[in-house]
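Chemist: Per this note's numbering, residue 3 is the first one in the sequence shown, and the count goes up by one each step. C-beta atoms are modelled at their ideal positions from N, C-alpha and C, and glycine is treated no differently. These figures come from a predicted structure and were not determined experimentally.
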Amino acid sequence: MALLQILAYPDPRLRKIAAPVAAVTPEIQRLIRDMAETMYAAPGIGLAAVQVAVPRRLVVIDLQDPEEEGGDPVKRPFVFINPEIVERSAARKVYNEGCLSIPDQYAEIERPDRVRARWIDEQGARREGEFDGLMSVCLQHEIDHLDGILFIDHLSRLKRDMVVRKVVKARRERGQAAIL
Ligand code: K1U
Ligand code: ZN
Numbered sequence: 003m004a005l006l007q008i009l010a011y012p013d014p015r016l017r018k019i020a021a022p023v024a025a026v027t028p029e030i031q032r033l034i035r036d037m038a039e040t041m042y043a044a045p046g047i048g049l050a051a052v053q054v055a056v057p058r059r060l061v062v063i064d065l066q067d068p069e070e071e072g073g074d075p076v077k078r079p080f081v082f083i084n085p086e087i088v089e090r091s092a093a094r095k096v097y098n099e100g101c102l103s104i105p106d107q108y109a110e111i112e113r114p115d116r117v118r119a120r121w122i123d124e125q126g127a128r129r130e131g132e133f134d135g136l137m138s139v140c141l142q143h144e145i146d147h148l149d150g151i152l153f154i155d156h157l158s159r160l161k162r163d164m165v166v167r168k169v170v171k172a173r174r175e176r177g178q179a180a181i182l
């Protein structure tokens, strides 16, 4: 298995719309394993292939707190291939979201509370299910990545500019160029 590099905002590859996965090949299964390892190492609770510079519609999610001691040692991430949201609740909920591509920045984002989704699993089987709570938030955040959308795009101009300014400052402090 390999740890993959996570693209950081404002990398333009984060804005590309990902193409569907045509078939669950051994290469895709290897990518799933590498993405899961990368997500656990980050640590994070989700990762979209777009974030590791692979423009394909593939997501891994594991809500078990990666920093919690004594969690289940057997790691089994949810795998969503070509996920689609087919129903959204009218009720909406706010969650303080983070993003591995915008490190150390969090913002309250409002989204539909519950969603029904269709996807293909890692064995190539069609699946459908309804999600609420953090799973609903995380799946919507990851599907946004597949469409080139970042959580900051859901903020008002004023709030987005504040987050972007903090990203610029953090990059400057780390000695990285601040091309935004
Ligand atoms: O897609 C990503 O950038 C991953 C992101 C997923 C996410 C988090 C919160 C709301 C919506 C989507 C993260 O995993 S950010 C890191 C994080 O949430 C976390 C890190 C360590 C322990 C627990 C959570
Ligand atoms: Zn993200």
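Hey, would you say isoleucine 30 sits closer than 9 Å to glutamate 86, going by beta carbons?
Modeler: no
Chemist: Which residues mark the beginning and the end of the beta strand (DSSP E) in which glycine 48 is found?
Modeler: 48-50
Chemist: What distance in whole Å lies between the Cβ atoms of isoleucine 104 and leucine 157, which are believed to be in contact at a cut-off of 8 Å?
Modeler: About 11 Å; that fails the 8 Å criterion.
Chemist: Within its chain, find whatever has a CB closer than 8 Å to the CB of lysine 18; leave out the 5 residues flanking it on each side and keep chain order.
Modeler: Val52, Pro57, Gly150
Chemist: What I want to know is whether the C-beta of phenylalanine 153 ends up closer than 8 Å to one or more non-hydrogen atoms of the ligand K1U.
Modeler: yes
Chemist: Cα-Cα, which of Ser138, Gln125, Ala119, Leu141 is closest to glycine 131?
Modeler: Residue Ala119 is the option with its Cα nearest to glycine 131.
Chemist: Does the ligand ZN have a heavy atom nearer than 8 Å to the CB of glutamine 142?
Modeler: no
Chemist: Taking just the CA atoms, how far does arginine 113 sit from alanine 93?
Modeler: 9 Å
Chemist: When DSSP labels each residue in this structure, what does glycine 131 get in the three-state scheme?
Modeler: strand
Chemist: What I want to know is whether the C-beta of glycine 72 ends up closer than 8 Å to one or more non-hydrogen atoms of the ligand ZN.
Modeler: no
Chemist: Once the 5 residues before and after serine 138 are set aside, which same chain residues still bring their CB inside 7 Å of it?
Modeler: Cβ neighbours of serine 138 within its own chain (closer than 7 Å, five residues either side excluded): Asp115, Arg116, Val117.
Chemist: So, is glycine 48 buried or exposed, given that buried needs 16 or more other C-beta atoms within 10 angstroms?
Modeler: buried
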